[in-house]
Structure formats: structure tokens, C-alpha cells
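*Asks:* Numbering (this note's numbering), first residue to last: 53 to 239.
1) From residue 148 to residue 204, what does the alpha carbon distance come to, in whole angstroms?
2) Check whether the region 182-200 and the region 165-172 touch, using three or more Cβ-Cβ pairs below 8 Å as the test.
3) Distance, Cα to Cα, residue 105 vs residue 170?
4) Which residues does DSSP list as the beta-bridge partners of residue 217?
5) With residue 111 and residue 96 assumed to form a contact (beta carbons below 8 Å), what rounded beta-carbon distance in angstroms separates them?
6) Please classify residue 145 as buried or exposed, where buried requires at least 16 other C-beta atoms within 10 Å of its C-beta.
7) Which residues does DSSP list as the beta-bridge partners of residue 74?
8) Below 6 Å CB to CB, which residues in the same chain sit around residue 80 once its five sequence neighbours on both sides are set aside?
9) Which residue from 155, 200, 228 and 141 puts its Cα closest to that of residue 89?
10) Taking only the alpha-carbon atoms, compute the straight-line gap between residue 174 and residue 187 and give it to the nearest angstrom.
11) From residue 75 to residue 134, what distance separates their C-alpha atoms?
12) Could you check whether residue 183 and residue 220 sit closer than 8 Å to each other, using their CB atoms as the reference points?
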């Protein structure tokens, strides 16, 4: 998607209609918001707006500005209790834009991001002013059983020209992951 102000709601991406079976082909990205797809929304605050996004290299990949990722199930089945597929990079990846400036202003709120046994729940590379809040990371729906990712949240400059800065990781439940909960790494 490379047009502005897109809305992606109520979809099963990377899974069959039963909400539990991974698609028969591998996907590089489940949802890809390319440079220029600014001010787009994935999910929403009504239950019917929720997307189920699983079984891709990166379930949600962002190279744009001012994106909202809200109330989705990422890396799990429709019940939020089983892992479906395995993201090898991230459940959500916010990557520095190829346009010569870092991605900025993304809101990642109230998502369930679990079951990514090949990658972190959230990876930020050359990302600025990203707000990660109110998410459940590494647990099944209900917050009682572990359904871990390799790690929780990873923030890095990735050796790039534009350092990551101004990112906030607040009021999340991060537990049950194989590795670190939160990593901030500068090159």
C-alpha cells in the first residue's frame, strides 16, 4: 500500500478463514505500508476493526509516517491462544524510510503480539517518536499463559544515517518471551 490515509480493518491476513491455519504460501509481509502511505490505520478500537495477521516474515511492516496499529491479533490464531506460523523478523517492524528520513509518529496500541518464535514482537530501526503502549506481548489472550516471541521490543539505529530517538514503550505487559523484554541498542 503506498497511498495515504488507508484503512485496513476486519481482515484475516496470512491465515485461512478458520482463523487457525496458516496459509499454504509464505509471505514476506502480511501488511506492508510503504513510503508514502502516511496517516494509515491498521485495525481500530472497535472489536470488528481488529485484524488477524500471522504467518509472514514481518506481519506488519511500516516504512511510512504517522501510522496507527490498533487492537490487532498479531502472530496468533483468532482466539489469541495459539501461535500461527512464525515471523522470522518481527510481528511489527517499523523501518527507516527509504526516502532518506526515518519513519516517525507511529502509534502501536492495545495489540496482542505473540507467538513469533523467529523474531521480536516489535522491531524499530531508524524510527522516531513511536508510541508503543497498552500492548500484550508474549502472552496468550487473557494474559495468563505464555505464548512467547524471541523477544519483546527491540529499538536500534541499525548502523544507519538517522538515529532512532523519541520512542516510548509504556504500559505494556511483556512476559513469556524466549529472550529480552526490551532492548535499546545504538550503533
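Yeah, the Cβ is synthetic: ideal placement off N, Cα and C, and Gly gets one too.
*Replies:* Put simply:
1) 19 Å
2) yes
3) 15 Å
4) 180
5) Actually they are not in contact, since the Cβ atoms of residue 111 and residue 96 sit about 17 Å apart, beyond 8 Å.
6) buried
7) 67
8) 109
9) 155
10) 11 Å
11) 15 Å
12) yes
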